[in-house]
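For the sequence shown, the numbering used here assigns the number 213 to the initial residue and increments by one for each residue that follows.
From the three backbone atoms N, C-alpha and C, an ideal C-beta is built for every residue, glycine too.
Quick notes on the structure that follows.
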Amino acid sequence: MISGTRLLSGGRVLLCCGAFAMFGIDAGAAQVPPRPVIDPAKELAAIKAASDLDDNPADAEAVQTVCTACHSSSQFLSSPRSSSRWEQLFGEMARFGARPTDAQVNQIVRYFQRNLMVVNVNTSPAEELEPTLQTDPAATSAIVMRRAQKKFTGIADLAAIRGVDRAVLELLKDRLQF
Ligand code: HEC
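Written out as structure tokens, the structure is:
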């Protein structure tokens, strides 16, 4: 047991110093600044910090695992888009090589719907409104029925629908179009 532990720790030291030395030689020989390193812990913290509207940490983890494999989350955290534009972008990322599992796709879609999707209250389909506004089906259909009669004019108007959470609307206000 003891010799096994020693062997292991000896191996770790070798690995550490070998890698360090190689890094030093490479950087010196190439004379180029090191490539920016993606720090998974920092990325996860940024993704969680940008998610006022999703309290499921597993969603943020899926976004970090899949969407920061090639670049930083700063590529997408400050650029809300409509559903169709996100769909198009996910297609592009898949062509670049993004390979999420089915479970990760669901988590990523939920994260983006809650935190980074722009919806038009008067025109977006119910299935886009519901996850972004975080309404239940009854409130969503009340919105759809009301807008068929009379377009919504703003947050106060929308908040008057039973089942719509005004606190959520306040957090969403930059992503709501009327
Ligand atoms: C396999 C590597 C890879 C993965 C995984 C990946 N991307 Fe990208 N992404 C790229 C590359 C390469 C570019 C740069 C394309 C360019 O500069 O035109 C890019 C650019 C972007 C851009 C900026 C381009 C634009 O049209 O605004 C956004 C936003 C983006 N990625 C979001 C994501 C999201 C969200 C995910 C997770 C679903 C993701 N990426 C996963 C490779 C990847």
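For Gln389, the three-state DSSP class (helix, strand or coil): Taking the sequence shown and counting its residues from 1, one reaches residue 389 at position 177. Here Gln389 sits in strand by DSSP.
Between which two residues does the alpha helix (DSSP H) containing Asn318 stretch? For the purposes of this step, residue 318 is taken as residue 106 along the sequence shown, with counting starting at 1. Per DSSP, the continuous alpha helix (DSSP H) segment holding Asn318 begins and ends at 314-327.
Contact the region 347-354 vs the region 296-312: 3+ CB pairs below 8 Å: no
Is Gly240 helix, strand or coil by DSSP? Your numbering for residue 240 matches position 28 in the sequence shown. Its pLDDT being 45, under 50, Gly240 is placed unreliably by the model, and the measurement read from it follows with that caveat. Gly240 falls in the helix class under three-state DSSP.
Considering only C-alpha positions, which residue in the set Asp266, Gln276, Ala270 is nearest to Ala392? The requested residue 392 is not part of the displayed model; the chain covers only 213 to 390.
Distance, Cα to Cα, Met305 vs Val356? The residue labelled residue 305 in the question sits at position 93 within the sequence shown. The residue labelled residue 356 in the question sits at position 144 within the sequence shown. In a straight line, the C-alpha of Met305 is about 33 Å away from that of Val356.
Between Arg293, Val321, Ser295, Asn334, which has its C-alpha nearest Asp271's C-alpha? The residue you call residue 271 lines up with position 59 of the sequence shown. Taking only the C-alpha atoms, the option nearest Asp271 is Val321.
Please classify Asn268: is it buried, with 16 or more other beta-carbons within 10 angstroms of its beta-carbon, or exposed? Position 56 of the sequence shown, counted from the first residue, corresponds to residue 268. By the 10 Å Cβ count, Asn268 comes out exposed.
Just checking Gly309 against the ligand HEC - is the residue's beta carbon closer than 8 Å to any of the ligand's heavy atoms? Here residue 309 corresponds to residue number 97 of the sequence shown, with the count starting at 1. For Gly309, the shortest C-beta to heavy atom distance toward the ligand HEC is below 8 Å.
Note down the Cα distance separating Pro343 from Ile250, rounded to an integer number of angstroms. Here residue 343 refers to the residue found at position 131 when the sequence shown is read from its first residue. Here residue 250 refers to the residue found at position 38 when the sequence shown is read from its first residue. Those two C-alpha atoms are separated by around 30 Å.
To which residues of the same chain is Glu255 closer than 6 Å at the C-beta, ignoring the five residues directly before and after it? As a first step, residue 255 must be located in the sequence shown, where it is residue number 43. Counting only residues of its own chain and dropping the five nearest sequence neighbours on each side, Glu255 has a CB closer than 6 Å to the CB of Gln276, Thr280, Ser285.
Return helix, strand or coil for Gly375, following the three-state DSSP convention. Translated into the one-based positions of the sequence shown, residue 375 becomes position 163. Of the three classes helix, strand and coil, the one that applies to Gly375 here is coil, per DSSP.
Ser336 beta carbon near the ligand HEC (any heavy atom closer than 8 Å): Numbered from 1 along the sequence shown, position 124 holds the residue referred to as residue 336. Residue side-chain check: Ser336 keeps its Cβ at 8 Å or more from all non-hydrogen atoms of the ligand HEC.
Does any heavy atom of the ligand HEC sit closer than 8 Å to the C-beta of Glu340? Position 128 of the sequence shown, counted from the start, is the residue given in the question as residue 340. No, the beta carbon of Glu340 sits no closer than 8 Å to any heavy atom of the ligand HEC.
Could you tell me whether any non-hydrogen atom of the ligand HEC is closer than 8 Å to the CB of Pro292? As a working note, residue 292 is residue 80 in the sequence shown. The answer is no for Pro292.
I'd like to confirm something about Met329: is its beta-carbon nearer than 8 Å to some heavy atom of the ligand HEC, or not? By one-based count along the sequence shown, residue 329 stands at place 117. False, no ligand heavy atom lies under 8 Å from that Cβ.
Identify which residue in Ala371, Asn332, Gly375, Ala354 has its Cα closest to the Cα of Asp386. Reading the sequence shown from its first residue, position 174 is the one you call residue 386. Considering only alpha carbons, the answer is Asn332.
Provide the residue(s) that pair with Ser294 in DSSP beta bridges, ordered along the chain. Numbered from its first residue, the sequence shown carries residue 294 at position 82. Under DSSP, Ser294 shares a beta bridge with Val330.
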